[in-house]
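Encoded as structure tokens, the structure appears first; notes follow it.
Protein chains: 2
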Amino acid sequence: MKRETEQRKAIEKIFIQQEKPLGIGEIMERGRELVNTLNQATVYRNLKRLVSSGWLKRINHPTLGTLWELADRGHHHHFYCNVCHNMYDLPGCALDQKKAVPAGFEIEEHEIFLSGTCKSCLH
Amino acid sequence: MKRETEQRKAIEKIFIQQEKPLGIGEIMERGRELVNTLNQATVYRNLKRLVSSGWLKRINHPTLGTLWELADRGHHHHFYCNVCHNMYDLPGCALDQKKAVPAGFEIEEHEIFLSGTCKSCLH
DNA sequence: TCTATAATGCGAATGCATTTGCATTATAGA
DNA sequence: TCTATAATGCAAATGCATTCGCATTATAGA
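Taken in order, these protein sequences are the chains called A and B. Here the first sequence stands for residues 834 to 956, numbered as in this note's numbering. Here the second sequence stands for residues 834 to 956, numbered as in this note's numbering.
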């Protein structure tokens, strides 16, 4: 039977409070603030479990590596600020489906990763 | 002084003949057809060198991992066919810059990875 | 409260792409 | 042709994220 533990609750809390995808480093860091004995193997076990239950989504960022985020956010893309190193969720989709592929091709999935300077770093 | 070797010529030839990005496996496979003693360490050394000379570009595909391709292809994106497992270069760009980010953000780079079924696999 | 066992913490192990040390080979310039 | 040394092949080493084995802890239901 599935049990509710401090560590899993802590991990879930981090994602609920956070609106951006997180890497293992950040998850560990924030997690230890909540449960100071929190172990990396435990975090991986829980991430895996939360992904297979469909609560989290695992994404593979081309420069940041593996990140996890809440699965229920709907379709969106990500912007990475090269200055403050923050990730931003970008609601909606900026893919022009018509221009994307030659006639006869069928798109099933797509990912868009943007990077640059965010609003607050530009000022 | 830089020397021209059979193995480097072979690697360059593979990329020139090929219009799609290649992973280490494919590079090794095709490379061995040209120089049958070709070693993986040699391939990595040459890929690294060709990237830092600006002749190749190293890309990080979210599902296929590290791929290399000719640097001079200009801006374009990639389509991966889930059926025949082929990569296709898609000339041009289907990013709608206006819809992509909120006002005040500045895009410096972006990558788009598409996947689905290619034209020949649909028939 | 008691108890079976799910989940944790720990450290070691794994898997993988990539790199390195070193003896050997082969290229380019003398 | 000869020779210095760049580049190779090989096997071992590295770095890294992720997983595993196992003793210990703590949760949920009796």
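Virtual Cβ for every residue (Gly too), placed ideally from N, Cα, C. Just so we're clear, the structure is a prediction, and the values are computed from it rather than from any experiment.
Exposure label - residue i; buried when at least 16 CB within 10 Å
| i | result |
| --- | --- |
| Asn879 (chain B) | buried |
| Glu944 (chain A) | buried |
| Ile844 (chain A) | buried |
| Ala874 (chain A) | exposed |
| Met834 (chain B) | exposed |
| Leu955 (chain A) | exposed |
| His911 (chain A) | buried |
| His894 (chain A) | buried |
| Ile847 (chain A) | buried |
| Ile849 (chain A) | exposed |
Alpha-carbon to alpha-carbon, residue j and residue i
| i | j | result |
| --- | --- | --- |
| Cys914 (chain A) | Thr950 (chain A) | 5 angstroms |
| Ser953 (chain B) | Pro935 (chain B) | 38 angstroms |
| Gln840 (chain A) | Asp922 (chain A) | 26 angstroms |
| Lys842 (chain A) | Arg863 (chain A) | 12 angstroms |
| Leu883 (chain A) | Val868 (chain A) | 18 angstroms |
| Ser832 (chain B) | Gly887 (chain A) | In the structure displayed, chain B extends from 834 to 956; residue 832 (chain B) sits before or after that span and is not available. |
| Arg836 (chain A) | Arg865 (chain B) | 53 angstroms |
| Lys932 (chain B) | Lys932 (chain A) | 15 angstroms |
| Gln930 (chain A) | Phe938 (chain B) | 23 angstroms |
| Asn872 (chain A) | Arg891 (chain B) | 34 angstroms |
| Gly957 (chain A) | Cys926 (chain B) | The shown model of chain A, from 834 to 956, leaves out residue 957 (chain A), and the question about it has no answer. |
| Met861 (chain B) | Met920 (chain B) | 17 angstroms |
| Lys881 (chain B) | Phe946 (chain A) | 24 angstroms |
Closest Cα partner of residue i within the set the options
| i | options | result |
| --- | --- | --- |
| Ile940 (chain B) | B:Phe946, B:Leu928 and B:Tyr877 | B:Leu928 |
| Gly907 (chain B) | B:Lys881, B:Glu866, B:Met920 and B:Leu889 | B:Leu889 |
| Glu942 (chain A) | A:Met834, A:Ser953 and A:His909 | A:His909 |
| Val916 (chain A) | A:Gln930, A:His894 and A:Ser948 | A:Ser948 |
| Gly858 (chain B) | B:Cys926, B:Val876 and B:Val868 | B:Val876 |
| His918 (chain B) | B:Pro924, B:Leu897, B:Gly925 and B:Ser885 | B:Leu897 |
| Thr870 (chain A) | A:Thr838, A:Phe938, A:Met920 and A:Ile892 | A:Thr838 |
Residue i Cβ short of 7 angstroms to the ligand NAD heavy atom set
| i | result |
| --- | --- |
| Glu944 (chain B) | This structure does not include the ligand NAD; it has no bound ligands of any sort. |
Does the stretch 846-855 of chain A come close enough to the stretch 899-912 of chain A to have 3 or more Cβ pairs within less than 8 angstroms?
yes
Beta strand (DSSP E) runs contained entirely in the stretch 873-918 of chain B, provided each spans 3 or more residues
889-894, 898-903 and 909-914
Would you mind listing the alpha helix (DSSP H) stretches within the stretch 835-879 of chain B that are 4+ residues and don't spill past its ends, in chain order?
839-850 and 857-867
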